[in-house]
Ligand code: ATP
Ligand code: FE2
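Numbering (the numbering used here), first residue to last: -3 to 323.
#1: Taking C-alpha atoms, which residue in 90, 145, 168 lies nearest to residue 241?
#2: Using a 10 Å radius around the Cβ and a threshold of 16 neighbouring Cβ atoms, would you call residue 60 buried or exposed?
#3: Could you round the C-beta distance between residue 27 and residue 48 to whole angstroms and report it? I think they count as a contact, below 8 Å.
#4: Taking DSSP's pairing of strands, which residues face residue 272 in a bridge?
#5: Using 8 Å as the cut-off, classify the Cβ of residue 250 as near or not near the heavy atoms of the ligand ATP, replying yes or no.
#6: Would the segment 288 to 307 and the segment 130 to 150 be scored as touching if the rule is three or more Cβ pairs under 8 Å?
#7: Pick from 129, 115, 96, 22: whose alpha carbon is nearest that of residue 282?
#8: So the beta strand (DSSP E) residue 101 belongs to, where does it begin and stop?
#9: For the structure I just gave you, are there three or more beta carbon pairs, one from the segment 259 to 272 and one from the segment 64 to 81, closer than 8 Å?
#10: Can you tell me which of 276, 216, 84 puts its alpha carbon nearest to the alpha carbon of residue 40?
#11: If the criterion is Cβ atoms closer than 9 Å, does the pair residue 126 and residue 252 meet it?
#12: Please specify which runs of the alpha helix (DSSP H), each continuous and at least 4 residues long, are wholly inside the segment 139 to 212, giving them in chain order.
#13: Tell me, please, which residues DSSP counts as bridged to residue 124.
#14: Answer yes or no: the CB of residue 224 versus the heavy atoms of the ligand ATP, is any distance below 8 Å?
#15: Going residue by residue through the segment 10 to 53, where are the continuous alpha helix (DSSP H) segments of at least 4 residues, counting only ones entirely within it?
#16: Provide the residue(s) that pair with residue 280 in DSSP beta bridges, ordered along the chain.
#17: Please check the pair residue 117 and residue 275, which I expect to be a contact at CB under 8 Å, by giving their CB distance rounded to whole angstroms.
#18: Within a Cβ cutoff of 6 Å, which residues of the same chain sit near residue 151, ignoring the five residues on either side of it in sequence?
#19: For the ligand FE2, enumerate in chain order all residues having a CB closer than 5 Å to any of its heavy atoms.
#20: Could you say which of 100, 91, 43, 74 lies nearest to residue -2 if we only look at CA atoms?
#21: Bridge partners for residue 67 per DSSP, in chain order?
#22: Using 8 Å as the Cβ pair cut-off and three pairs as the minimum, do the segment 49 to 56 and the segment 10 to 17 touch?
#23: Buried or exposed, going by whether 16 or more other CB atoms sit within 10 Å of the CB of residue 180?
#24: Write down the C-beta distance between residue 30 and residue 286 rounded to the nearest angstrom, noting that I regard them as a contact closer than 8 Å.
#25: Sorted by chain position, which residues of the same chain lie with C-beta nearer than 6 Å to residue 92's C-beta, five sequence neighbours on each side aside?
#26: Less than 8 Å between the CB atoms is what I'm expecting for residue 178 and residue 215, so what's the real figure, rounded?
#27: Strictly by DSSP, which residues pair up with residue 73?
#28: Just mark residue 304 as buried or exposed, buried being the case when its beta carbon has 16 or more other beta carbons within 10 Å.
#29: Could you give the DSSP three-state label for residue 0: helix, strand or coil?
#30: Classify residue 117 as helix, strand or coil using the three-state DSSP reduction.
#31: If contacts are defined as beta-carbon pairs under 8 Å, then residue 38 and residue 312 qualify, I think. What distance do you get, rounded to the angstrom?
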């Protein structure tokens, strides 16, 4: 069984091709839209995706040394995400499914981050800390669904980092540059620490960090921002581990490429006797392979999405999906 998945919830359009035997991933090609200035404009990102999606598809088929006729199932990111981007990619997936007469499977993007981590690491039943530009959630499987145990109440952690970097003249995405600067930080500047039950919030920290820009060095600012935000994320993840009694922690999302966050989560897990797992960067960031793999799992369990029911869902919640492919 070979499945092709198309990702396009935000700034990345990606096509992955996977199979259910080793090697699982046959191709994973991405193309990211980076705005010249300011944040992502959904329409501009969607235009970018429309312009490159066929090329990305061709590259993925070349990488897998396949023709489109060799594909058995077509998966696509149904949501959550930016409406225009989702619509563009869904249109590409529907066209491909109709042309090839192959089944279509609409995939929840957040669940795909968890499933690719389960497949490509040794994690089997983890608590996922999913940290990206637009999303920040702590997710785990309970009673037939992936439940959200904690999440951001305002912006995603990556969005917080990118906005901070943009104000200080760093290129988009700012996360990697902030990580490099933070390594030279020496002095921790107190910042708000808004953990509310299992939830977190970042916009207040962003405002407070920017307000200190005149009085502190850039490395100290970056260091303090990271320490504060990552400690909050580690704290709520730990609470979810304690609550669910699970013994594995998995990382997902572009921000999880950050070594400091990885180290904090790993030492929290070790202190609790739990294992921590982090997939390679190409599978942390938004990618087509995770959509393809989740679509393959769903299809194997009889879940398909008729074209006439394949409308996108901008606010698609993680816990709306009945996860029938896990017992
Ligand atoms: P989603 O649609 O799931 O919200 P996204 O479009 O934000 O995802 P990702 O590729 O998962 O895409 O993540 C991108 C984010 O990851 C950006 O905010 C970027 O700054 C951040 N990031 C990337 N590398 C690092 C790093 N080393 N440290 C911190 N943040 C990072
Ligand atoms: Fe994502």
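Even glycine gets a Cβ: it sits at the ideal position worked out from N, Cα and C.
With the structure as the only source:
#1: Within the chain shown, the letter at position 245 stands for residue 241. It is 145 whose Cα lies nearest to the Cα of residue 241.
#2: Within the chain shown, numbered from 1, the residue matching residue 60 stands at position 64. That one is buried.
#3: For the purposes of this step, residue 27 is taken as residue 31 along the chain shown, with counting starting at 1. For the purposes of this step, residue 48 is taken as residue 52 along the chain shown, with counting starting at 1. Correct: roughly 5 Å between the Cβ atoms.
#4: What you label residue 272 is simply residue 276 of the chain shown in a count that begins at 1. Per DSSP, 245.
#5: Here residue 250 refers to the residue found at position 254 of the chain shown. Yes, the beta carbon of residue 250 sits closer than 8 Å to at least one heavy atom of the ligand ATP.
#6: no
#7: For the purposes of this step, residue 282 is taken as the residue at position 286 of the chain shown. Residue 282 has its Cα closest to that of 129, out of 129, 115, 96, 22.
#8: Here residue 101 is taken as the residue at index 105 of the chain shown, counted from 1. Per DSSP, residue 101 belongs to the beta strand (DSSP E) from 100 to 104.
#9: no
#10: For this step, residue 40 is matched to residue 44 along the chain shown. Per the C-alpha coordinates, the member of 276, 216, 84 positioned closest to residue 40 is 84.
#11: Locating residue 126 in the chain shown gives position 130, where the first residue counts as 1. Locating residue 252 in the chain shown gives position 256, where the first residue counts as 1. Contact flag set, yes.
#12: 153 to 163, 171 to 178, 199 to 207
#13: Here residue 124 refers to the residue found at position 128 when the chain shown is read from its first residue. Bridge partners of residue 124: 135, 246.
#14: Here residue 224 corresponds to residue number 228 of the chain shown, with the count starting at 1. False, no ligand heavy atom lies under 8 Å from that Cβ.
#15: none
#16: Within the chain shown, numbered from 1, the residue matching residue 280 stands at position 284. In the DSSP output, where bridge partners are listed per residue, residue 280 has none listed.
#17: Counting from 1 along the chain shown, the entry for residue 117 is found at position 121. Counting from 1 along the chain shown, the entry for residue 275 is found at position 279. 6 Å between Cβ atoms; contact.
#18: Taking the first residue of the chain shown as 1, we reach residue 151 at position 155. Closer than 6 Å at the Cβ level, and outside the excluded window around residue 151, lie 198, 199.
#19: 128, 282
#20: Translated into positions along the chain shown, residue -2 becomes position 2. With distances taken between Cα atoms, residue -2 lies closest to 100.
#21: Counting from one through the chain shown, the residue named residue 67 turns up at place 71. For residue 67, which the question treats as bridged, DSSP gives no partner whatsoever.
#22: yes
#23: Counting from 1 along the chain shown, the entry for residue 180 is found at position 184. Exposed, by the Cβ-count rule.
#24: Along the chain shown, one-based indexing puts residue 30 at 34. Along the chain shown, one-based indexing puts residue 286 at 290. About 21 Å separates the two Cβ atoms, so there is no contact after all.
#25: In the chain shown, the residue the question calls residue 92 occupies position 96. Only 70 meet the Cβ criterion.
#26: Sequence index remark: in the chain shown, residue 178 carries index 182 (1-based). Sequence index remark: in the chain shown, residue 215 carries index 219 (1-based). Confirmed, Cβ separation roughly 7 Å.
#27: Walking along the chain shown from the start, residue 73 turns up at place 77. Looking at the DSSP assignment, residue 73 forms a beta bridge with 103.
#28: Looking up residue 304 in the chain shown gives position 308. The C-beta of residue 304 has fewer than 16 other C-beta atoms within 10 Å across all chains shown, which makes the residue exposed.
#29: Position 4 of the chain shown, counted from the first residue, corresponds to residue 0. Strand, per DSSP.
#30: By 1-based counting over the chain shown, the position of residue 117 is 121. Three-state DSSP puts residue 117 in coil, outside helix and strand.
#31: In the chain shown, counting from the first residue as 1, residue 38 sits at position 42. In the chain shown, counting from the first residue as 1, residue 312 sits at position 316. About 16 Å separates the beta carbon of residue 38 from that of residue 312, a gap too long to meet the 8 Å contact definition.
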